[in-house]
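Here's the structure we're looking at; comments come further down.
Number of protein chains: 2
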Amino acid sequence: MKMNEGVEWAAHCAVILASTPEGYATPMSVLAEFHGLRPSYLAKTLQALARADIVVASTGKLGGYRLARPAPEITLLDIVMAVDGQQRAFRCTEVRQNGPSAVKRSLYSRSCGIAETMWRAEDAWREALARTTVADLVAMTLRDSPADALEKGITWLGNEIGRRR
Amino acid sequence: MKMNEGVEWAAHCAVILASTPEGYATPMSVLAEFHGLRPSYLAKTLQALARADIVVASTGKLGGYRLARPAPEITLLDIVMAVDGQQRAFRCTEVRQNGPSAVKRSLYSRSCGIAETMWRAEDAWREALARTTVADLVAMTLRDSPADALEKGITWLGNEIGRRR
């Protein structure tokens, strides 16, 4: 079981977009270069975020991406579901209804205990992701990044985004 | 993100093996037919369970599979890890260390907040799976199965396994 690799990129891009001053948009090329990613790969991830109403894209000379909603209103679960999909990791194929013990489908009224237990565990995972917002990720990034990396990053982004005015 | 489909088969097979009287082993062909599965697919799953010390295989005329440990000592997490692997679903590639903000690797002393949050959520999922044992799954199966399916299943398994003595 492996999550779409774009989830990591999306979370980091969301941190950058949440830290961009109001009125500025960040081009995809800047987000890609900042994280050392291929623009063509990142484009798909950003499109998924746009479809989920997490980012909005604008076109034109000052175009680029910005968050569609305030950072405290976007959770890590929103990002995971947007990029990795909404489907459960555990897919029940109802093998219990196969073979020599099978009875009429209508008699199996509820999902079986195995599937329910698997899905309850996934709910615990989703609830944990839903408790962290993009605003929390910004705070963690500020707390965890080496001071020199923060300074270099802020200067570079400021130049790239600021010079577009 | 999709879990290995063998996890469902493995959980159902574990329920059957936990319900088999002491001293009897259940052939792979019986487990496969009972769940309507291709024996060649199920073989791989059972081998994974054997490698993880969840089942043991015996050969010979009365050979087959049985649980390697008592059912209350095997958790659903054990089964998931055996069949789907031990790796985290979220793989951090440290994109934060790429691009124009990069500083010396040694300055990034800990995993970043995004990866830590993702892994904490996976821990919540694993803890939920670890709280359910194969003995619990047996109880759920007895509770949730249609009475006719239980009767047909027990009769068929009793004939298949019992006639081997």
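As given, the protein sequences belong to chains A and H, one line each in that order. For the record, in the first sequence the residue sitting at position 110 is 110 according to the working numbering, with numbers rising by one throughout. Quick note: to get the working numbering, add 1000 to the position in the second sequence (first position is 1). We treat Cβ as the ideally placed atom computed from N, Cα and C, and that holds for glycine.
Spatial distance of residue i from residue j (CA atoms)
i: Ala1052 of chain H; j: Met1001 of chain H; result: 23 Å
i: Gln1097 of chain H; j: Val1103 of chain H; result: 7 Å
i: Asn1004 of chain H; j: Ile154 of chain A; result: 42 Å
i: Arg66 of chain A; j: Ala14 of chain A; result: 9 Å
i: Glu1033 of chain H; j: Trp1009 of chain H; result: 12 Å
i: Leu31 of chain A; j: Ile16 of chain A; result: 8 Å
i: Thr59 of chain A; j: Ala128 of chain A; result: 35 Å
i: Ser29 of chain A; j: Thr75 of chain A; result: 24 Å
i: Met118 of chain A; j: Asp1136 of chain H; result: 13 Å
i: Leu36 of chain A; j: Pro1100 of chain H; result: Just to set this straight, residue 36 of chain A is Gly in the shown sequence, not Leu. Approximately 8 Å between the Cα atoms of the pair.
i: Ala1130 of chain H; j: Pro39 of chain A; result: 40 Å
i: Val138 of chain A; j: Ser19 of chain A; result: 7 Å
i: Leu150 of chain A; j: Thr141 of chain A; result: 9 Å
i: Leu1042 of chain H; j: Trp156 of chain A; result: 54 Å
i: Met1081 of chain H; j: His1012 of chain H; result: 15 Å
i: Ile1161 of chain H; j: Ile1079 of chain H; result: 24 Å
i: Asp123 of chain A; j: Glu116 of chain A; result: 10 Å
i: Lys152 of chain A; j: Gln1086 of chain H; result: 37 Å
i: Glu1073 of chain H; j: Arg1163 of chain H; result: 29 Å
i: Pro21 of chain A; j: Thr132 of chain A; result: 22 Å
i: Asn1159 of chain H; j: Ala1121 of chain H; result: 45 Å
Cβ of residue i within 8 Å of any chain H Cβ
i: Ser101 of chain A; result: yes
i: Glu122 of chain A; result: yes
i: Leu37 of chain A; result: yes
i: Leu129 of chain A; result: yes
i: Leu67 of chain A; result: no
Interface residues of chain H facing residue i [CB-CB closer than 9 Å]
i: Met3 of chain A; result: Met1001, Arg1088, Ala1089, Phe1090, Arg1091 and Met1118
i: Ala18 of chain A; result: Within 9 Å Cβ-Cβ: nothing; Ala18 of chain A doesn't reach chain H, min ~13 Å.
i: Ala149 of chain A; result: Arg1096, Gln1097, Ser1101, Ala1102, Val1103, Leu1107 and Tyr1108
is_contact[residue i, chain A] using C-beta, thresh 8 Å
i: Arg1078 of chain H; result: Residue 1078 of chain H is actually Asp in this sequence, not Arg. Answer no: the Cβ-Cβ gap between Asp1078 of chain H and chain A never drops below 8 Å.
i: Arg1051 of chain H; result: no
i: Lys1152 of chain H; result: yes
Contacts around residue i, its chain only, beta-carbon distance under 7 Å, and the 5 residues preceding and following it disregarded
i: Asp84 of chain A; result: Met3, Asn4 and Val7
i: Val55 of chain A; result: Leu17, Leu46, Leu49, Tyr65, Arg66, Leu67 and Ala68
i: Ala1025 of chain H; result: Ser1058, Leu1062, Gly1063, Gly1064, Tyr1065 and Arg1066
i: Ser1077 of chain H; result: Residue identity check: residue 1077 of chain H is Leu in the sequence provided, not Ser. So the qualifying residues of the chain are Arg1126, Leu1129 and Ala1130.
i: Arg105 of chain A; result: Gln97
i: Arg88 of chain A; result: Trp119 and Glu122
Interface residues of chain A facing residue i [CB-CB closer than 8 Å]
i: Ala1083 of chain H; result: It should be pointed out that residue 1083 of chain H corresponds to Val in this sequence rather than to Ala. Per Cβ cutoff of 8 Å: no residues; Val1083 of chain H is ~10 Å from chain A at best.
i: Glu1073 of chain H; result: Result: empty, since nearest Cβ-Cβ is about 17 Å, beyond 8 Å.
Sequence-distant residues of its chain with Cβ nearer than 6 Å to residue i (five each side left out)
i: Pro27 of chain A; result: Gly64
i: Ala71 of chain A; result: Ala18, Val134 and Ala135
Neighbour list for residue i in chain H, Cβ cutoff strictly below 7 Å
i: Pro146 of chain A; result: Val1103, Leu1107 and Tyr1108
i: Val95 of chain A; result: Glu1008, Trp1009, His1012, His1035, Gly1036 and Leu1037
Residues that residue i contacts on chain H, provided the C-beta gap is smaller than 8 Å
i: Val134 of chain A; result: Those within 8 Å of Val134 of chain A in chain H number zero; the least Cβ separation is about 10 Å.
i: Leu137 of chain A; result: Gly1113, Ile1114 and Thr1117
Under 7 Å from the C-beta of residue i: neighbouring residues of chain A
i: Val1007 of chain H; result: Phe90
i: Gly1162 of chain H; result: In chain order: nothing, as chain A lies at least about 14 Å away.
Under 9 Å by beta carbon: chain A residues contacting residue i
i: Met1140 of chain H; result: Cys112, Gly113, Ile114, Glu116 and Thr117
Contact test: residue i Cβ vs the ligand SAM heavy atom, cutoff 7 Å
i: Ala11 of chain A; result: The ligand SAM is absent from the structure shown, which contains no ligands of any kind.
Residues near residue i by beta carbon distance below 8 Å, same chain, minus five either side
i: Tyr108 of chain A; result: Glu94, Arg96 and Gln97
i: Lys44 of chain A; result: Gly6
i: Gly1023 of chain H; result: none
Chain D contact for residue i (CB, 8 Å cutoff)
i: Tyr65 of chain A; result: Included in the structure are the protein chains A and H, with no chain D among them.
Checklist entry - Given 8 Å as the limit, is there contact between the stretch 1043–1051 of chain H and the stretch 106–118 of chain A, that is, 3 or more CB pairs closer than that? => result no
Checklist entry - Would the stretch 139–146 of chain A and the stretch 79–94 of chain A be scored as touching if the rule is three or more Cβ pairs under 8 Å? => result The stretch 139–146 of chain A, when compared against the stretch 79–94 of chain A, does not touch it at the 8 Å Cβ threshold.
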